Amino acid sequence: CVLLSHTFIFMCSITKTSSKSNSIPKSSLIIPDNNNTFYFKEDQENKQKEVNKESNNFTCWFPTLFQIFQFIFSFKICYLILYFIQLPLCVPLSISIWWLRKLCSEKKMQIIIIHPEQWNGGSDRCTMALIRHFAKAGHHVIWYTTMIDDYWKNEDFSGIDVRNLNIPCHPGDWWSQNAALGLYSIFDNINPDVAIIDHSASCVPIFKWRFPKCKVLFYCHFPQQLVTPSRFFLYRWYSSLVSLLESHLFEAVDVIMLNSNFTAANFHRVMPNINKKKLKVVYPPCDVDAIAVQGKPISRICRGKNERYIFLSMNRFWPEKRLDIIVEAAEILKKKGFNPIIQIAGSVMPHIPESKIYYEYLLSMSEKLDVNDIVQYICSPTENEKFSLYRNCDTTLYTPPNEHFGIVPIEALEQRRPVIVCDSGGPSETVLEGITGTKIKEPTSELLAEAMIEHMLKESWEHLDIDEMYQYQRERFEKDFSAKGYGRRIDETIQEMMIESEKELIEIKTQSNNNDEIPFSKNFNKINLRQRG
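When you line the sequence shown up against UniProt numbering, it's residues 1 to 533, in that order.
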């Protein structure tokens, strides 16, 4: 830009100089030409202007040596001085900026993700958002898993090193599965910078021994001993034994990320020996970037009113989700003369007996209470089908008590739908009473039916239906619950861990070397520096 601007000034100055030298004498009234033909001054001036125009165009781009010296010794010499002064300033400055950007640029890491079973639940979606985030940043992502459900068969895994072992372990036995994945990684030709593990810490000692410079992050969806109250007796006993061991394994983890303040409180209650400084709450994301256009949010006012009020429950068929109170509430509404549509959508996990048993129990319960004309069951909807159901419904139901986080209220917020939840666990943090939904004190059919009647009689939810007021909730969603916000918090967590790790290393080396000077690198632009210990 400097070269072009000064070249332009240089040429324009020459043009002005040449035009002055080719002017016509003003004292002449008539001027003879070479053939002794006389012309009036007006005719000669017009002819001379045409000649000067051609001359100026030529001299603008091809200045003569005389014109160049004439310009140099004119009053415009300051332009040339400025031009030559900027050269020694701009060139070193450009080199310095390039060198600094090279030092502080993001360096790609090798990241290991251990997620034993990829179903269609909240933890599985959290894992997919994590994988997409690191892959989009250009890191080398290696994902170890024991199985991938058919729900993800159309997922684009390009740029991701998926190592699906298909280990025939018992479903839900995350301790054995993570231990097997850790043993498998010993013989792989990998050198990870960061390992992110969830569900079980059984592979943490393996990673710390095999990759001593690798930093380990654990994403805790909920403490293991509090997850399985409805499983069989032997499984509950086995889970309690595993939890005792994990309380010591977590001490070797560098950072423990938890999905809500509720989970953090329960984690500290069952594992008080873990340092609180290691705990950090990172909300799971609602990744809506890949949703088709027809699944984008639309207010109920723009969509139009349904003939029958539609309630939607989006959850896995699992006893802890308490879907049975929805069926019981349907009976209460029918007896009171209400005729809504209640859609119960979710996935039935065929490899887990409790899921199929509970689904069949709900079917028989609906038939027994004579609510089949109100209650509809939708099994394993696709991603686009799920958000289409959100768009067509009027209110979302989320009935599990003491839920770890609960992604459904966040999806309902993104789709501009009010939600009814239990006032406990993660939903008590994410749902705003009277603004984005309603909270019931206990998971009972009576309280749920009362809240459903309140929603049917309420004309509108201003903070969700009106565009101007929804902007505040949308900003809240983008900040706390979007995929971008989730990735930003993960990046910040890893950055803090890397900086803290280097500080500790410097302190150790300083003590061992009798306070010798040790350089401390401050090139932490983001998280992505390839630190080794």
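Glycine included, C-beta positions come from ideal geometry on N, C-alpha and C. From a predicted model like this one, the values you see are computed outputs, not experimental measurements.
Per-residue DSSP class, three states only, for SER55: Your numbering for residue 55 matches position 55 in the sequence shown. With a pLDDT of 49 at SER55, under the threshold of 50, the modelled position of this residue cannot be trusted; read the value that follows with caution. DSSP places SER55 in helix when its eight states are reduced to three.
Where ALA412 falls: helix, strand or coil (DSSP): If you number the sequence shown from 1, residue 412 lands on position 412. Here ALA412 sits in helix by DSSP.
Length at least 4, wholly inside the UniProt domain "Glycosyl transferase family 1" (306-459): the alpha helix (DSSP H) runs in chain order: 324-335, 353-368, 383-392, 408-414, 427-430 and 445-457
Own chain residues within Cβ distance below 6 Å of ASN315, not counting five before or after: The residue labelled residue 315 in the question sits at position 315 within the sequence shown. Excluding sequence neighbours, ASN315 sits near LYS321 and GLY346.
Candidates ALA252, LEU363, ASN261 and GLU446: closest to ASP373 by CA position: In the sequence shown, residue 373 corresponds to position 373, counting from 1. Of ALA252, LEU363, ASN261 and GLU446, the residue nearest in Cα terms is LEU363.
Burial state of TRP209, where buried means 16 or more other Cβ atoms lie within 10 Å: For the purposes of this step, residue 209 is taken as residue 209 along the sequence shown, with counting starting at 1. Exposed, by the Cβ-count rule.
Residues bridged to TYR238 [DSSP beta-bridge criterion]: Residue 238 sits at position 238 when you count from the first residue of the sequence shown. In the DSSP output, where bridge partners are listed per residue, TYR238 has none listed.
Supposed close pair THR493, LYS213 - CB separation, criterion 8 Å: The residue you call residue 493 lines up with position 493 of the sequence shown. The residue you call residue 213 lines up with position 213 of the sequence shown. Their Cβ separation, rounded to whole angstroms, is 18 Å, which puts THR493 and LYS213 out of contact at 8 Å.
Beta-carbon gap between ILE111 and VAL141 smaller than 8 Å: For the purposes of this step, residue 111 is identified with residue 111 of the sequence shown, where counting begins at 1. For the purposes of this step, residue 141 is identified with residue 141 of the sequence shown, where counting begins at 1. Result yes, Cβ atoms of ILE111 and VAL141 sit closer than 8 Å.
TRP175 versus ALA483: straight-line alpha-carbon distance, rounded: As a first step, residue 175 must be located in the sequence shown, where it is residue number 175. As a first step, residue 483 must be located in the sequence shown, where it is residue number 483. Their Cα atoms are separated by approximately 28 Å.
Segment contact flag, the region 403-410 with the region 334-346, C-beta cutoff 8 Å, min 3 pairs: no
For GLU383 and PRO284, the rounded distance between their alpha carbons: For the purposes of this step, residue 284 is taken as the residue at position 284 of the sequence shown. For the purposes of this step, residue 383 is taken as the residue at position 383 of the sequence shown. Each residue's alpha carbon lies about 17 Å from the other.
Pair within 8 Å by beta-carbon distance, ASN259 and HIS221: One-based indexing of the sequence shown puts residue 259 at position 259. One-based indexing of the sequence shown puts residue 221 at position 221. Yes. Within cutoff.
Beta-carbon proximity check, PHE477 vs GLU429, cutoff 8 Å: Numbered from its first residue, the sequence shown carries residue 477 at position 477. Numbered from its first residue, the sequence shown carries residue 429 at position 429. No, these two residues do not count as a Cβ contact at 8 Å.
Simplified DSSP assignment, three categories, for ILE518: What you label residue 518 is simply residue 518 of the sequence shown in a count that begins at 1. Note that ILE518 has pLDDT 39, beneath the 50 cutoff, so the model's placement of it is unreliable and the number below is only indicative. In the structure shown, ILE518 sits in coil (DSSP, three-state: anything other than H, G, I, E or B).
Own chain partners of PHE207 with C-beta closer than 7 Å, once the 5 adjacent residues on each side are dropped: Numbered from 1 along the sequence shown, position 207 holds the residue referred to as residue 207. Within the same chain, PHE207 has close Cβ partners GLY182, ALA195, CYS214 and VAL216.
Alpha-carbon spacing of LEU130 relative to LYS336, whole angstroms: Position 130 of the sequence shown holds residue 130. Position 336 of the sequence shown holds residue 336. Roughly 46 Å separates the two Cα atoms.
Secondary structure, beta strand (DSSP E): runs of 3+ residues fully inside the region 147-193: 160-164
Residue span of the beta strand (DSSP E) that contains PHE218, given as start and end: One-based indexing of the sequence shown puts residue 218 at position 218. That run of the beta strand (DSSP E) goes 215-220.
Selection from PHE338, GLU331, ILE301 and ILE325 that minimises the alpha carbon distance to ARG308: The count along the sequence shown starts at 1 and reaches residue 308 at position 308. Ranking PHE338, GLU331, ILE301 and ILE325 by Cα distance to ARG308 puts PHE338 first.
Nonlocal neighbours in the same chain, by C-beta distance under 6 Å from PRO171, ignoring five residues either side: The sequence position of residue 171 within the sequence shown is 171, counting from 1. Excluding residues within five positions, the ones whose Cβ falls inside 6 Å are HIS351 and ILE352.
Alpha-carbon spacing of residue 534 relative to LYS458, whole angstroms: There is no way to answer for residue 534, as the model of the chain reaches only from 1 to 533.
Classification of LYS153 by the beta-carbon crowding that lies within 10 angstroms, buried from 16 upward: What you label residue 153 is simply residue 153 of the sequence shown in a count that begins at 1. Exposed.
Inter-residue CB distance, ILE310 and SER445 (contact presumed, cutoff 8 Å): Start at 1 with the first residue of the sequence shown, and residue 310 comes out as number 310. Start at 1 with the first residue of the sequence shown, and residue 445 comes out as number 445. The Cβ separation is near 19 Å, so there is no contact.
Assumed close pair CYS286, GLU411 - CB separation to whole angstroms, cut-off 8 Å: Position 286 of the sequence shown, counting from 1, holds the residue named residue 286. Position 411 of the sequence shown, counting from 1, holds the residue named residue 411. About 5 Å; that satisfies the 8 Å criterion.
Distance CB(HIS133)-CB(ILE357) smaller than 8 Å: If you number the sequence shown from 1, residue 133 lands on position 133. If you number the sequence shown from 1, residue 357 lands on position 357. Going by C-beta atoms, HIS133 is not nearer than 8 Å to ILE357.
ASP254 burial status per 10 Å Cβ neighbour count (16 or more: buried): For this step, residue 254 is matched to residue 254 along the sequence shown. Buried, because 16 or more other Cβ atoms sit within 10 Å of the Cβ of ASP254.
Buried versus exposed call for VAL91 [16 or more other C-beta atoms within 10 Å across all chains shown]: Start at 1 with the first residue of the sequence shown, and residue 91 comes out as number 91. It is exposed - the Cβ of VAL91 has fewer than 16 other Cβ atoms within 10 Å.
Range of the contiguous alpha helix (DSSP H) that encloses VAL204: On the sequence shown, position 204 is the one that residue 204 refers to. It spans 204-210 - the alpha helix (DSSP H) in which VAL204 sits, taken as one unbroken run.
Three-state class that DSSP yields for MET469 in the structure shown: Here residue 469 refers to the residue found at position 469 when the sequence shown is read from its first residue. Helix, per DSSP.
DSSP state of ILE30 mapped onto helix, strand, coil: In the sequence shown, counting from the first residue as 1, residue 30 sits at position 30. Interpretation of ILE30 is limited by its pLDDT of 46, a score under 50 that renders its predicted location unreliable; no figure is taken from the coordinates.
Buried versus exposed call for ALA329 [16 or more other C-beta atoms within 10 Å across all chains shown]: Looking up residue 329 in the sequence shown gives position 329. Buried is the call here.
ILE450 versus ASP480 - alpha carbon distance: By 1-based counting over the sequence shown, the position of residue 450 is 450. By 1-based counting over the sequence shown, the position of residue 480 is 480. This sequence places Glu at residue 450; Ile is not what is there. About 30 Å.
Secondary structure of ASP198, DSSP reduced to three states: Position 198 of the sequence shown, counting from 1, holds the residue named residue 198. Note: ASP198 maps to strand in three-state DSSP.
Cut-off 6 Å between Cβ atoms - residues of its own chain near GLY487, not counting five sequence neighbours on either side: Counted from its first residue, the sequence shown places residue 487 at position 487. Taken in chain order, the residues that qualify are HIS133.
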